[in-house]
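Quick notes on the structure that follows.
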Ligand code: IMP
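Numbering (this note's numbering), first residue to last: 1 to 198.
If you want it as structure tokens, here you go:
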């Protein structure tokens with residue numbers, strides 16, 4: 001909306017930005033993409049570190065406050081993998097799903113979780129707040145559904161018997177790792193930043 005506060009969301013993933021804006025609907029904040037030069041080197045050792053690297057680069061490029069997330073899928077039977085390497089596990093989204101199903105094979109332990117770390121920085125890249133969200137569940141035997149993105153077709157959240165890709169996106173946005181992390185962040189932004197008229 002026109003009068004909403006605009007905050008740069010440091011991503012190149014248009015689907016993530018759409019999810020973020022859907023989750024933030026009614027908060028008075030619109031998240032917008034960083035400039036085209038945005039090309040962070042994600043060499044952190046944790047989700048938190050990588051989200052900080054992305055947020056700082058976007059903030060410095062745009063000389064404004066910026067939010068970033070870093071997320072991934074951690075599978076118990078794969079010792080927490082692909083984890084930080086979820087986006088780089090194989091060249092395409094379909095190949096990543098195929099590789100995951102092949103590597104987990106017929107393992108009885110199919111427990112997994114999506115993790116999302118978010119970092120909000122000021123225009124100099126100083127951390128204002130970090131939050132984390134987790135969505136626990138299991139890896140399906142085969143892929144189903146076409147909604148969402150990434151590993152959604154093979155992830156069944158706790159309490160459901162369908163994959164995230166079979167859910168309406170509005171339902172995903174009430175249970176996802178990203179919505180948990182973002183709702184904590186929105187609370188912070190409202191309480192501390194909007195009150196101080198940053
Ligand atoms: P990054 O956070 O952009 O570095 O990439 C995280 C990667 O983890 C994505 O490219 C997806 O493969 C995966 N991922 C993160 N969040 C989700 C989600 O909500 N659904 C499905 N896959 C996800």
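Built from N, CA and C at the ideal position, the CB exists for glycine as well. None of these values were measured; they are calculated from a predicted model.
Query, Result
"Output needed for residue 184: all residues of its chain with C-beta closer than 6 Å, excluding positions within five of it in sequence on either side, in chain order.", "131"
"Could you tell me the distance, in whole angstroms, from the CA atom of residue 3 to the CA atom of residue 27?", "12 Å"
"Verify whether the separation of the beta carbon atoms of residue 87 and residue 8 is less than 8 Å.", "no"
"How is residue 69 classed by DSSP in three states: helix, strand or coil?", "strand"
"Please list the terminal residues of the continuous beta strand (DSSP E) segment that includes residue 130.", "127 to 139"
"For residue 140, which of 182, 75, 24, 52 has the nearest alpha-carbon?", "75"
"Looking at residue 59 and the ligand IMP, is the gap between the Cβ and the nearest heavy atom below 7 Å?", "no"
"Beta strand (DSSP E) containing residue 5: first to last residue?", "5 to 9"
"With DSSP collapsed to three states, give me the class of residue 81.", "strand"
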